[in-house]
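Chains as they are written, first to last, in my numbering: chain L, 1 to 113; chain S, 114 to 994.
Heads up: the structure comes next, in structure tokens.
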């Protein structure tokens, strides 16, 4: 599966939360990490990343502070808050349940119905 | 917690807007640069790397906009941004802004000013407890309202039988001026004769002492008087022990029983003392001349009260004399009500016109703003965002217009109120108060939304792209834009046409009033009234002697040509009595409301009223000689139908054989002449039947006041010397209503003049607005078609043809507008019928006038742009890009 998949509606927030849960990241870093974990299989609109970050910060799931980047430049780093951690947990559970249900439906055969 | 972080982020966003903008810039820049850096590491040249990074990232501005929105502070923030932007736009087009704001200020100002008056007179509750329970009753209809007047027997019957729906009811009559002699001075107090429950109906209790009781109302009971606070303070030294004391008013002794509280004023007339109204069985009290008001029981409606009255009055002895119940405030407003509603409607049209004008301006400007809007849309402004910006701009414009309008209204309100000829002092002060402001705010909202939507619709319809492309290519802006503006223009002209028709109708009606035949020569005549302290023992002869003395004094004043005494001067009031032909007791030969004028022998000469047949009065027509009379043409025609009435006899004070006063037989009078008709109280009514008698023969028809007419030789101001002479002769005399006859006439049609004037002003403003509109639209068309004009002219079109083309366009607008205007005017003019005199609202002439004025206006307004077009230099125009 080399072709990049488009992101499902509403999943970007969850991916960002997951990405920053592994350690503080700046916006570009979030992008790189998601691509890295997904092995470049997900296509993320770069422009839509920042509104999502701002939205999550506004909702209190993540906080930000200015720090120094790998190549000694000022960058804004995002970190998961305690509330964000809980949110990520519930979102992940929800997602897994949903995936199970949908997978179950898709695997069903005519005899089962 | 979450709420807190939300608030914090919001506060931070608003408070540190610029910092966050900077941070956002830095963050996005970092992203793109870091991305480019990585690309460079993978071997892409630096320049190319940056370019690719930008393309990969997508629209930076759109992302920023979404970030701002995500941060949650967007509304306030973008509002502030819009405000700044809007202000900048308005500043950048000072001409547009000034015209739009002035136009709106005119519309909103006129509306606010008229609404302030309308609110005070028609909407603001009367200053009494539970004013909604107050009603007035009348024996007949007057302009669709109960007349407010009943007969004595009707009142008494009503009081005795109609208790279930009424809490209380009161009858009253304006009383005579009562002379209160104190030391050497006579103070004249205005009085009101009222029935027992008067104060209860109004809802006022005496500050101390008591109000009237049943026993005060019995004929023959000791006379009681209730003082107003004003009288108590000014004439009785504000002493509380005044209650119970006796005082003499005119020749009668009264006991003071109470004093009314401070701040209470009777709405109908300023009244200083209240005395009992006792009904007698004379014809006088049987006349319909008692004012009647009542207070409904809580929860009873006027309709219920009416139903009840209809049932109750089935038992009333006389047939067809039920009473009608009506709203009290509406009665108080009287004729003013119709005028106010009319004027308010006119200002509504004016405001609509102003809005159309501003909308038109916005559209014209909008076509120049296409490029700007296109850019904004291209860099990511959504439809909602654009709409919000247009609304903000409209709000700024409307706010400025409303503020200027309020200022203007505040500024003209005093002048407006003092020039209103209707008496509405009962309504209290007219102010721009809360409710009025609320009204203005409503207007503002409507204008804001409509302008905002207009701008939005203009720029987005057809898409910003199309507009921008057109702009870029400098072709003619979409023909449909021009069409929309033409439609708006046509509506403007139609509205101004309708207002013009209204003004012209009123103008013609006023002209007809001035053309009314008065029956006398009003130039160089001064009138006045005097009131002497009546004394019981004074005979009519003695009284006439004192008047005679005064008359001689006045006649001897330098500049006086002739002077006379008369009961009542024309166009001021009525003074009527029943009169019948002697010996003929049938219906046809009695007339209840015959106007009676007791005059000195020079009256006809002073007023220049022609004596048509027989003779005027002579000095020999004295108290002891044969009782004589003159009748006017109308009465002569009514009773003698072309036969000569001279030598016939009439009886004044007798109706179908019934006498007005109890007492000895009234001697019949012999008619010695017929005089030309003279107007009665109203200029708008035909001359009433009138009988003249010599003042020397007034007999018992005494009244405490007399009117005077003084004709000067040439135009001189006789008033100062008149006043001096009167004061010298009798300092106790009260002189009122000293006015020139021209002023009296003007006052009698002041209501008409007032609304004609105001409507004329409104129509004028409307005309100017429409002219500005035509001018603006055509100027724009000329500017847009310069290129085309250049081509036409280089192909041989003459200047005259170009001129004709554009003037023709203005003319077409005017014709279309006038066409629609006729329909609007016909639809609205029926509201005018109540204020028009002797012309129908569909009268032809005003429409012709309005059409002519509209067309001339359109020609003038389109001439300037057309001339500019005709002077276009083809060479310049062709290069014009």
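Each residue gets a CB set at the ideal place from its N, CA and C atoms; glycine is no exception.
Note that the structure is predicted; figures quoted are calculated from it, not measured.
Judged by DSSP secondary structure, residue 765/S falls within the beta strand (DSSP E) whose first and last residues are 762-765.
Near chain L, meaning a CB-to-CB distance below 7 angstroms, the residues of the region 155-180 of chain S are 169, 170, 171, 172, 175, 176, 179 and 180.
In chain order, 176, 179, 180, 182 and 183 make up the part of chain S whose C-beta sits under 8 angstroms from the C-beta of residue 51/L.
Taking CB atoms only, residue 523/S has no neighbour in chain L less than 7 angstroms away.
Residue 367/S sits buried, since 16 or more C-beta atoms from the chains shown fall within 10 Å of its C-beta. Among the CB atoms of chain S, none fall inside 7 angstroms of the CB of residue 19/L. Within chain L, no C-beta atom comes less than 8 angstroms from the C-beta of residue 152/S; the nearest is roughly 12 angstroms away. Rounded to the nearest whole angstrom, the CA to CA distance from residue 315/S to residue 280/S is 11 angstroms.
Taking the C-beta atoms as reference points, residue 308/S is found no nearer than 7 angstroms to residue 276/S. At a cut-off of 3 residues, the continuous stretches assigned as beta strand (DSSP E) that sit fully inside the region 15-82 of chain L are 62-68 and 74-80.
In this structure, residue 359/S and residue 287/S do not form a Cβ contact; the two beta carbons are roughly 24 angstroms apart against a cut-off of 8 angstroms. Of all C-beta pairs linking the region 170-179 of chain S to the region 48-59 of chain L, three or more are shorter than 8 angstroms, placing the two stretches in contact. Inside the region 252-330 of chain S, DSSP marks whole beta strand (DSSP E) runs of 3 or more residues at positions 279-287, 291-295, 298-302 and 304-307, from first to last along the chain. Residue burial annotation: residue 488/S is exposed, with fewer than 16 other C-beta atoms found within 10 angstroms of its C-beta. At a cut-off of 4 residues, the continuous stretches assigned as alpha helix (DSSP H) that sit fully inside the region 684-739 of chain S are 716-720. For residue 177/S, the enclosing alpha helix (DSSP H) covers residues 173-184. Within chain L, no C-beta atom comes nearer than 8 angstroms to that of residue 228/S; the closest sits roughly 46 angstroms away. Counting the other Cβ atoms within 10 Å of the Cβ of residue 555/S gives fewer than 16, which makes it exposed.
Here residue 490/S is buried. Its C-beta has 16 or more other C-beta atoms within 10 Å.
Residue 67/L has a beta carbon lying at 7 angstroms or more from every beta carbon in chain S.
The shortest CA-to-CA distance from residue 66/L to any of 949/S, 967/S and 133/S is the one to 133/S.
A distance below 7 angstroms between beta-carbons, with the five flanking residues on each side excluded, links residue 241/S to the following residues of its chain, in chain order: 247, 315 and 316.
Sequence-distant partners of residue 699/S (beyond 5 residues in either direction) whose C-beta falls short of 8 angstroms from its own C-beta, in its chain, are 769. In the three-state reduction of the DSSP assignment, residue 359/S falls in the strand class.
DSSP, reduced to helix, strand and coil, places residue 131/S within a helical segment of the structure shown. Counting every other CB atom within 10 Å of its CB across the protein chains shown gives residue 76/L a total of 16 or more, marking it as buried. In this structure, 763/S is the residue among 629/S, 686/S, 743/S and 763/S with its C-alpha nearest to the C-alpha of residue 694/S.
Looking at 617/S, 883/S and 990/S, the one whose alpha-carbon comes closest to that of residue 971/S is 883/S.
CA-CA distance, residue 918/S to residue 897/S, rounds to 15 angstroms. Nearest CB-CB separation between residue 79/L and chain S: not below the 7 angstroms threshold.
By the Cβ-count criterion, residue 325/S is buried, with 16 or more other Cβ atoms from all chains shown falling within 10 Å of its own Cβ.
In the DSSP assignment, residue 768/S forms a beta bridge with 771/S. Taken in chain order, the members of the region 25-41 of chain L whose beta-carbon sits within less than 9 angstroms of a beta-carbon on chain S are 26, 27, 28, 29, 31 and 32. Residue 949/S carries a coil assignment under DSSP once its states are collapsed to helix, strand and coil.
Put simply, of 667/S, 741/S and 469/S the residue whose alpha carbon is nearest the alpha carbon of residue 785/S is 741/S. Cβ neighbours of residue 320/S within its own chain (closer than 6 angstroms, five residues either side excluded): 372 and 374.
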